[in-house]
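S.K.: Submitted below is the structure of interest, expressed as structure tokens.
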Amino acid sequence: DGLIDKIFNESSIDLFKKYFPEQSLDVSEISQMLNYISTQFKEMNYKTVENSLNFIKESINIKTDKNKYELYILEGKYLSLCRKFKKAGEKYIQAYEVSSKDIKSKYYYALGLFYNENIKESKNICNEILKEDSLNQYAYSLLVLIDKDTKILIVGLGLIGGSYAEALSSGGYEVGAIDCNADSIAFALEKGWISSGRADTDGEYIGKFDLIVFALYPHIFIDWIKQNQRFIRPGALLTDVTGVKCSVVYE
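Residue numbers (our numbering): 24 to 274.
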């Protein structure tokens, strides 16, 4: 009991090989190890994830497509975490090649294509997923981000909201903003970070946008949604950089 944790946390490949020689590992045991890594990922034990992936790559010959698929997905997620997006995309594409071609594997394939700048094919795969599952939020979210015709609204032009506006506009997106401080709007317009902005609530203006990024304090975020959600276009994607937000979730 606890042996896998001990091996992975100590980063000892020799110890790993001693207790788990390759010839003694069957398909179910390898699958169990991959499930263990997935659990560590969810619990944000990233050093353990890194050690675990290195162990498996260096010590185990994975033969089944199912286990290969799980390994490639885990590697892709870890590489994304390390901001190595192109390499992550290559892993997602590898995973698709050995997958059952279900909706989940198609999404990772689309993401892999996106990371490797094959935008057209990535959009095609997202649209294919949405034909099968019209409510698939992952494919829809990716499709929104891929499409440079997406209109993005930043609510709150502080340090984080302003940074988002600058980065998104430099990436070729049409960006608008709402901030109660008219000087912030004027500054962002002058810098070219936004193409339009409002210092007051304008329902017609809010309804123009496909994606809304909230950069507000939690209590202000809740109040804003209560007062203005009726103006948000149906189907618009909402995301936030509000930070600690248990209170938002509960309310």
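Idealized CB from N, CA, C, for every residue including glycine.
This one's a predicted model, so the numbers in the text were calculated from it and none came from an experiment.
Would you kindly report the start and end of the unbroken alpha helix (DSSP H) that includes Val-167?
M.R.: In the sequence shown, counting from the first residue as 1, residue 167 sits at position 144. Element bounds for Val-167: 160-169.
S.K.: Which ranges would you report for the beta strand (DSSP E) in the segment 194-267 if only whole runs of at least 3 residues count?
M.R.: 197-201, 219-221, 234-237 and 260-263
S.K.: Strictly by DSSP, which residues pair up with Val-178?
M.R.: For this step, residue 178 is matched to residue 155 along the sequence shown. Bridge partners of Val-178: Ile-201 and Phe-237.
S.K.: Taking the continuous alpha helix (DSSP H) assigned at Ser-145, which residues delimit it?
M.R.: Within the sequence shown, numbered from 1, the residue matching residue 145 stands at position 122. Residues 142-155.
S.K.: Beta-carbon within less than 6 Å of Leu-261's beta-carbon, same chain only, minus the 5 sequence neighbours each way: which residues are those?
M.R.: Against the sequence shown, residue 261 aligns to sequence position 238. Taken in chain order, the residues that qualify are Ile-235.
S.K.: Among residues of its own chain, excluding the 5 on either side of Phe-244, which ones have a beta-carbon nearer than 8 Å to its beta-carbon?
M.R.: Residue 244 sits at position 221 when you count from the first residue of the sequence shown. Result list for Phe-244: Phe-237, Asp-263, Thr-265, Lys-268 and Val-271, in chain order.
S.K.: Are three or more beta carbon pairs between the segment 146-162 and the segment 215-224 nearer than 8 Å?
M.R.: no
S.K.: Looking only at its chain, what residues have a beta carbon closer than 6 Å to the beta carbon of Leu-176, apart from the 5 residues adjacent to it on each side?
M.R.: Looking up residue 176 in the sequence shown gives position 153. Within the same chain, Leu-176 has close Cβ partners Gly-199, Phe-232 and Ile-235.
S.K.: Give me the residue from Asn-150, Asn-139 and Glu-140 with the minimum Cα distance to Lys-129.
M.R.: Residue numbering aside, residue 129 sits at position 106 when the sequence shown is read from its first letter. From the listed residues Asn-150, Asn-139 and Glu-140, the smallest Cα separation to Lys-129 is found for Asn-150.
S.K.: Contact check, Val-50 vs Asp-88 under 8 Å by CB: the rounded distance?
M.R.: Indexing the sequence shown from 1 puts residue 50 at position 27. Indexing the sequence shown from 1 puts residue 88 at position 65. The pair is not a contact, with the Cβ atoms about 11 Å apart (cut-off 8 Å).
S.K.: Does any C-beta atom of chain D lie closer than 9 Å to the C-beta of Ser-122?
M.R.: Considering every chain present, this structure includes no chain D. It has just one protein chain.
S.K.: By how many angstroms is the C-alpha of Glu-227 removed from the C-alpha of Phe-254?
M.R.: Walking along the sequence shown from the start, residue 254 turns up at place 231. Walking along the sequence shown from the start, residue 227 turns up at place 204. C-alpha separation (whole angstroms): 7 Å.
S.K.: When the Cα atoms are used, what is the spatial distance from Phe-78 to Ile-126?
M.R.: By 1-based counting over the sequence shown, the position of residue 78 is 55. By 1-based counting over the sequence shown, the position of residue 126 is 103. So the alpha carbons of these two residues sit roughly 29 Å apart.
S.K.: Under 9 Å between the Cβ atoms of Asp-202 and Gly-179?
M.R.: Locating residue 202 in the sequence shown gives position 179, where the first residue counts as 1. Locating residue 179 in the sequence shown gives position 156, where the first residue counts as 1. Yes, these two residues count as a Cβ contact at 9 Å.
S.K.: What are the boundary residues of the alpha helix (DSSP H) that Ser-51 is part of?
M.R.: The sequence position of residue 51 within the sequence shown is 28, counting from 1. That run of the alpha helix (DSSP H) goes 50-65.
S.K.: When you compare each of Ile-116, Tyr-101 and Glu-52 to Lys-86 by their alpha carbons, which one comes out closest?
M.R.: In the sequence shown, residue 86 corresponds to position 63, counting from 1. Among Ile-116, Tyr-101 and Glu-52, the Cα nearest to that of Lys-86 belongs to Glu-52.
S.K.: Would Ile-142 and Ile-169 be called neighbours here (beta carbons separated by less than 9 Å)?
M.R.: Within the sequence shown, numbered from 1, the residue matching residue 142 stands at position 119. Within the sequence shown, numbered from 1, the residue matching residue 169 stands at position 146. A contact, by the Cβ cut-off of 9 Å.
S.K.: Measuring only the C-alpha atoms, how far is Ser-123 from Asn-251?
M.R.: As a working note, residue 123 is residue 100 in the sequence shown. As a working note, residue 251 is residue 228 in the sequence shown. Approximately 43 Å between the Cα atoms of the pair.
S.K.: So, for Leu-94: in the same chain, excluding its five sequence neighbours on each side, which residues have a beta-carbon less than 7 Å away from its beta-carbon?
M.R.: Numbered from its first residue, the sequence shown carries residue 94 at position 71. Correct list, in chain order: Leu-57, Ile-79 and Ile-85.
S.K.: Report all residues from its chain with a CB closer than 7 Å to the CB of Glu-98; omit the five preceding and five following residues, and keep chain order.
M.R.: Along the sequence shown, one-based indexing puts residue 98 at 75. Around Glu-98: Leu-76 and Lys-114.
S.K.: DSSP on Thr-87, reduced to helix/strand/coil?
M.R.: Position 64 of the sequence shown, counted from the first residue, corresponds to residue 87. DSSP places Thr-87 in coil when its eight states are reduced to three.
S.K.: Answer yes or no: do Tyr-132 and Phe-108 have a C-beta to C-beta separation smaller than 9 Å?
M.R.: Residue numbering aside, residue 132 sits at position 109 when the sequence shown is read from its first letter. Residue numbering aside, residue 108 sits at position 85 when the sequence shown is read from its first letter. No.
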